[in-house]
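Participant: To convert, count from 1 in the sequence shown and add 105; that's this note's numbering. Even glycine gets a Cβ: it sits at the ideal position worked out from N, Cα and C. All values derive from a computational prediction rather than experimental measurement.
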Amino acid sequence: MSTRKEPMSLVVAQSAMCAVLYAMGAYLTSYISSPWGFGQFRPAVVIPAVFSTLFGPVVGGVGAAIGTLIADSVKHGQIYIRSLVAAVPGNFIGFYIFGMLVKRFSWRNFIKATQVSLLVSNFIVAFLYVYFRAFIEASLPVALRDVWIYVSLGLVAWWYVTMLPFVLLLGPPLIRAAYSAFPTFFSERLSSVPIQEVGGRFSVAMLLPGIIMAFIGISIMLTDPNWLIRLKVVSDQVMLMGMGIMFLVGGSILIAIGLILAPGRAALRLRQL
C-alpha cells in the first residue's frame, strides 16, 4: 500500500471508486442467498480487500460500507435499513481492520488480514442482522427466532466459506496487476515481497477452516436430531439437514481448493532451488 499521506480529495476519490466497484460486484450476486433465504453470496468482497491493501484502511472501510449500502438499496428499491444497521458497520470495521493488518505488507499478513477481517465483519453483520429482524422488526420466521444465535453462527460460517477463496485466490493477482500498471503510485513493498515467501500458507489457509467446517457438518449429520432440536440448535430436522449439508459441502470445497494449491506452491519452491 502507499506510505505517503494522501490529500483528502484523493482519499475521497479512491473511496468512491471502491464503493462503486463493490456495489456493482455485490449487486451481480445479490439474488443468490444462503440456505436460510437471506445473506447473499458475495465474492465481490475481494474488491474492498484489494483497495484496503493498496490505499489503506480508511479507503477500504469507507468504500466497503458505502458500496454495500448502495448494492442493498438498489436491490430493494429504497434505502435499506437492515443494511444500515448491520452490513454498513460490519463492512466498515472488517475492511478497516484489513487495511491496518496489511500496512506492513507481506503475503503472510495478507492471509492473516483476510482470515481476521472476514471473521470479524461477518460476525458483526450476521448477529446485527438476525437480531434486528428477530427482536426489533419481528420479521424473522418464528422457527428461526427461537434459534437466532445458531442462525447467526450459520451465516458467519456461510459467508466465511464462500468469501475466503475469492479473496485469497483473486486478491494477489489483482494487487500485482495494479502495481504493474502504476508502479510509481504504490509502495515498492508490493513487488519486492515474493508470493513464494508464504510457501504453503495459502493452501493451509483453505485447508484448516475446510476441515473444521466438514467436521461440523459430519457431526451434525451423525448426531441424534431430536437431541439438537431439544437444545434449540435448530427448530426442525429439515433445517438441521440443510445446515449439515452446508457445512459439509462448504468445508469440502475449501479442502479441495487447499489441496489443489498445495502442489502448486511446492512446485514454485522446487523451481527456486
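Using the C-alpha atoms, what's the distance from A243 back to W212?
Facilitator: Taking the straight line from one Cα to the other gives about 44 Å.
Participant: Entirely within the segment 151-201 and at least 3 residues each: give me those beta strand (DSSP E) ranges in chain order.
Facilitator: Here no run is fully enclosed.
Participant: Tell me the DSSP secondary structure of S226 in three-state form.
Facilitator: Of the three classes helix, strand and coil, the one that applies to S226 here is helix, per DSSP.
Participant: To the nearest angstrom, report how far apart P246 and R209 are at their CA atoms.
Facilitator: Distance between the alpha carbons of P246 and R209: 45 Å.
Participant: Which partner residues of S257 appear in the DSSP bridge assignment?
Facilitator: According to DSSP, which records beta bridges pairwise, S257 is partnered with nothing at all.
Participant: Using a threshold of 8 Å, state whether the C-beta atoms of F146 and T134 are closer than that.
Facilitator: Contact: yes.
Participant: Rounded C-beta distance between L273 and A310? I'm assuming under 8 Å.
Facilitator: 6 Å between Cβ atoms; contact.
Participant: What residues are listed by DSSP as bridge partners for Q145?
Facilitator: Looking at the DSSP assignment, Q145 forms a beta bridge with S138.
Participant: Which whole-angstrom value describes the C-beta separation of F219 and A154, a residue pair presumed to lie in contact below a C-beta threshold of 8 Å?
Facilitator: According to the sequence as given, residue 219 is Thr; it is not Phe. About 7 Å separates the two Cβ atoms, so the contact holds.
Participant: Please look up how many angstroms separate the CB atoms of V164 and V221, rounded, as I've assumed it's under 8 Å.
Facilitator: V164 to V221, Cβ: 18 Å. No contact.
Participant: Compare the Cα-Cα distances from I325 to each of F352, L312, F307 and S308 and report the closest residue.
Facilitator: Of the candidates F352, L312, F307 and S308, the one whose C-alpha sits nearest the C-alpha of I325 is F352.
Participant: If you measure from the beta carbon of I350 to each beta carbon in chain D, is any gap under 8 Å?
Facilitator: As a matter of chain content, chain D is missing from the structure shown, which is built from one protein chain.
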